[in-house]
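Quick note on numbering: the sequence shown equals residues 1 to 386 in the UniProt record's numbering.
Every residue, glycine too, gets a C-beta built ideally from N, C-alpha and C.
A quick note: this is a predicted structure, and the numbers were derived from the prediction, not measured.
Shown next, in structure tokens, is the structure this report addresses.
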Amino acid sequence: MYVTDKYGIQLSVMPFGICAQLRGHLDRILSTTDYISHADRKGVLFFGQFFAALAQSFYLCLAPKVAEFWFSDHQRTLANSIGFIANPVGVVIGSLAPKLIVEHVSSFTYQDSLYIINVILGIPAAITLLMSFFIRNRPPTPPSASMERHTSPPFFEGLLTVFKNRAFYVQMVTSGMATAITFALFFACDQMFHEMGYSDINGYGMALASVIGCASTLLIGYYVDHTKRFHETIKSLYLCTAVSVIAINILLRFAFSTVNLVLLLTLIVVLSFFSTPTWPIGIELGVETTFPVAEATSSGVLITCGQLQIFGLGYAMKGAANVNVFYNSSLSHNFQLAIDVWCIVTIATAIFTYFSLWPQYKRIEFERKKSLISPIEYNINPEATY
1 MYVTDKYGIQ LSVMPFGICA QLRGHLDRIL STTDYISHAD RKGVLFFGQF FAALAQSFYL
61 CLAPKVAEFW FSDHQRTLAN SIGFIANPVG VVIGSLAPKL IVEHVSSFTY QDSLYIINVI
121 LGIPAAITLL MSFFIRNRPP TPPSASMERH TSPPFFEGLL TVFKNRAFYV QMVTSGMATA
181 ITFALFFACD QMFHEMGYSD INGYGMALAS VIGCASTLLI GYYVDHTKRF HETIKSLYLC
241 TAVSVIAINI LLRFAFSTVN LVLLLTLIVV LSFFSTPTWP IGIELGVETT FPVAEATSSG
301 VLITCGQLQI FGLGYAMKGA ANVNVFYNSS LSHNFQLAID VWCIVTIATA IFTYFSLWPQ
361 YKRIEFERKK SLISPIEYNI NPEATY
């Protein structure tokens with residue numbers, strides 16, 4: 001957050017993000033070669049994973065800042081959504097590429113397969129490195145009134161302003177929890193799907209759900225850009241997400257069949273369709289409600305909360321699966337209780353969102369006062385006092 005807000009888009013990508021990403025890939029490739037002893041390979045691999053994860057911190061906050069600096073008021077949410085879907089696209093590639101290589105190329109040894117997988121996944125990093133030489137911080141002409149006529153406070157002052165905003169605490173829950181609901185299912189229930197006969201759900205199912213989620217993110221991002229119905233859209237998405245989760249909970253109580261497999265895959269795709277757009281729209285809403293705080297500051301806090309929610313819900317489900325109460329399951333763990341916890345959290349979040357999310361659109365109000373954008377219906381909540 002600090003580097004992106006203080007030094008801009010260009011320096012955040014190059015050298016920090018790109019160099020860390022390439023270093024991580026090189027270490028992971030090196031860990032699969034004979035140049036490293038078997039005893040040291042795990043350490044080199046973890047070192048590479050550390051740098052690859054470090055690189056993400058420089059990328060995750062970029063989308064809202066790029067949207068603000070380079071796009072007009074009717075394009076920002078869609079631009080942010082396009083930047084966001086890079087993550088689900090990465091999930092698709094990361095899920096399918098190893099599966100295709102390991103399962104369908106039997107002539108390779110296990111070590112060769114790992115080497116090829118890491119080389120393939122390093123190609124996007126190399127392409128990003130080449131593209132980074134053409135990145136600029138901002139266009140010659142500001143695309144919006146908020147970009148042209150406001151000055152963001154210093155980083156720590158802006159961070160303090162964010163945490164003084166009561167409405168922002170609501171958004172810490174509502175922005176990332178929908179995505180956590182989707183990813184926690186795959187994170188915590190991989191073994192359950194395998195034992196119940198739904199082995200392909202975590203591979204091809206996750207990939208298909210990610211693709212559909214990307215498509216819905218673009219569609220709904222375009223809608224929000226032209227209507228400015230941020231909180232209304234988020235509430236509707238949570239309602240549909242809750243209905244999808246309840247349906248999945250009911251379906252998983254029945255034994256495996258081909259029909260149930262198709263139904264489960266369909267419901268997971270529907271879940272992803274409604275849950276995936278909530279995060280980019282919620283992050284853009286966070287920028288709106290904390291204006292004039294720098295974009296990477298507010299979005300960075302929301303993204304961090306979203307990541308914590310993914311792991312928090314996932315481990316809560318794993319913990320529930322180890323508690324032997326309420327159900328006498330023939331499976332190795334009490335997975336139905338884990339699904340119940342998942343369902344209860346989803347319903348509670350949907351109710352909380354419906355009654356608590358009433359934001360004030362400060363950036364839109366600022367732009368309207370400057371009279372530099374065409375008048376449209378912004379649907380600003382007149383009762384918001386935060």
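The three-state secondary structure of residue 7, taken from DSSP, is helix. When the beta-carbon positions are compared, residue 287 and residue 158 stay at least 8 Å from each other. When secondary structure is reduced to three states using DSSP, residue 92 falls in the helix class. DSSP places residue 255 in the coil class of the three-state scheme, outside both helix and strand.
In the three-state reduction of the DSSP assignment, residue 218 falls in the helix class, which pools H, G and I. Assignment of residue 294 by DSSP, reduced to helix, strand and coil, places it in the coil class.
Here residue 291 is buried, its C-beta having at least 16 other C-beta atoms within 10 Å. Around residue 192, the same chain offers 331, 335 as residues with beta carbons nearer than 7 Å, after the five sequence neighbours per side are excluded. In chain order, 20, 21, 23, 24, 27 place their CB closer than 8 Å to the CB of residue 51, counting only its own chain and leaving out the 5 sequence neighbours on each side. For the set 347, 45, 365, 281, the Cα lying nearest the Cα of residue 64 is the one of 281. Under the rule that a run must span 4 or more residues, the alpha helix (DSSP H) segments found entirely inside the stretch 177-241 read 177-188, 190-196, 206-227. Residue 135 places its beta carbon 8 Å or farther from that of residue 62.
A residue is called buried once 16 or more other Cβ atoms fall within 10 Å of its Cβ, and residue 170 is buried on that count. Going by C-alpha positions, residue 329 is about 10 Å away from residue 253.
The C-beta separation of residue 278 from residue 238 comes to about 7 Å, placing the pair in contact by the 8 Å criterion. For the pair residue 225 and residue 76, the CB atoms are nearer than the 8 Å cut-off. Residue 313 has its alpha-carbon roughly 22 Å from the corresponding atom of residue 236. The beta carbon of residue 284 sits closer than 6 Å to those of 77, 80, all from its chain and outside the five residues before and after it, given in chain order. Counting only residues of its own chain and dropping the five nearest sequence neighbours on each side, residue 174 has a CB closer than 8 Å to the CB of 234, 238, 278, 282, 349, 352, 353, 356, 357. In this structure, residue 15 and residue 167 do not form a Cβ contact; the two beta carbons are roughly 36 Å apart against a cut-off of 8 Å. Per DSSP, reduced to three states, the secondary structure at residue 64 is helical.
In the DSSP assignment, residue 357 falls outside any alpha helix (DSSP H) and carries neither an H nor an E. Between the alpha carbons of residue 202 and residue 55 lies a gap of roughly 26 Å. Distance between residue 297 and residue 156, taken at the CA atoms: about 9 Å. Of the candidates 138, 273, 242, 306, 242 places its Cα closest to the Cα of residue 340.
Note on geometry: alpha-carbon atoms of residue 346 and residue 311 lie some 15 Å from one another. If you look at residue 27, you'll find it in the alpha helix (DSSP H) that goes 18-30. A residue is called buried once 16 or more other Cβ atoms fall within 10 Å of its Cβ, and residue 39, having fewer, is exposed. Proximity to residue 67 across 57, 82, 58, 53 peaks at 82, based on C-alpha coordinates.
Annotation for residue 82: the continuous alpha helix (DSSP H) segment containing it runs 76-84. Of 113, 13, 118, 11, the smallest CA-CA separation from residue 48 is found for 118. Taking C-alpha positions only, residue 247 is separated from residue 214 by approximately 22 Å. Close CB contacts of residue 17 within its chain, under the 7 Å cut and outside five residues either way in sequence, are with 55, 58, 59 (chain order).
In this structure, residue 209 sits near residue 269, with a CB-CB distance shorter than 8 Å. Taking 4 residues as the shortest admissible run, the stretch 313-359 contains the following complete alpha helix (DSSP H) segments, listed from N- to C-terminal end: 335-356.
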